[in-house]
Amino acid sequence: MSIDDDFEEEFPEDDLEEELDMFVEAQDAVWADVVTELKAGKKTSHWMWFVFPQLASLGKSHMAQLYGLEDLNEARVYLDHPILRQRLIEVCDLMLTHEGADAATILGPVDAKKLRSSMTLFAAAPNAPEQCAMILQVFYAATPCPHTAEEVA
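Set out below in structure tokens:
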């Protein structure tokens, strides 16, 4: 074990916060589209992985692995990031304006499952914004994703 290995073990959250910058960069490139699509109630482009991330263990694609969060602690650190937290709240609020609609109609059936998984993960974090549980309530009858719930239990 090198000195660098010791340093990384002592300060893992610092490394995690740096890794989260890739989410900000990916979101920056498409944020106007994300907001426009969610306001319109119809997702038409590809951004789900880095706007509503889920556990890496649940995804198989390269993008799902790249932007997948490792565990509940990583979700907590994500929510501690000021830009990512604010953006997650914003997109949740935009989704909630479509109460009464089906998440699959807004996002498509595959991405509706990803939203449920993402909100289950974030709702389990101690610093979760209330919107995460509200998404589960409004679009999924307060039923969390069973796979995510099992992994974060």
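Positions 137 to 289 (the working numbering) are the ones given, in order, by the sequence shown. A virtual CB, placed ideally from N, CA and C, is assigned to each residue, including glycine. Computed from a prediction, not measured in an experiment: that's the story for all the values here.
- Ala162 and Phe186 have their C-alpha atoms roughly 7 Å apart.
- Judged by beta-carbon spacing, Ala248 lies beyond the 8 Å limit of Ala259, meaning their Cβ atoms are not closer than that value.
- By the Cβ test, the segment 239-253 is in contact with the segment 167-186, since at least three Cβ pairs between them sit closer than 8 Å.
- Taking a C-beta distance under 8 Å as the contact criterion, Leu220 and Phe159 qualify as a contact pair.
- Bridge partners of Ala237 according to DSSP: Glu235.
- If only complete runs of 4 or more residues are kept, the segment 150-224 shows the alpha helix (DSSP H) at 184-187, 198-203, 208-216, in order along the chain.
- Nearest in C-alpha terms to Arg212, of all of Asp229, Lys175, Thr256, is Thr256.
- Pro245: member of the alpha helix (DSSP H) spanning 245-259, first to last residue.
- Linking Leu232 to Ser253 through their CA atoms gives a straight-line distance of about 16 Å.
- If the five residues before and after Arg223 are omitted, its C-beta is found closer than 7 Å to the C-beta atoms of Gln163, all from its own chain and listed in chain order.
- A direct Cα-to-Cα measurement between Ala264 and Lys175 gives close to 23 Å.
- In this structure, DSSP gives Pro282 a helical state, which the three-state scheme calls helix.
- Sixteen is the threshold: since fewer than 16 other Cβ atoms of the shown chains lie within 10 Å of the Cβ of Lys178, the residue is exposed.
- DSSP, reduced to helix, strand and coil, places Ala289 outside both helices and strands of the structure shown, so it counts as coil.
- In the same chain as Asp238, and ignoring 5 residues on each side of it, no C-beta atom comes closer than 6 Å to its own.
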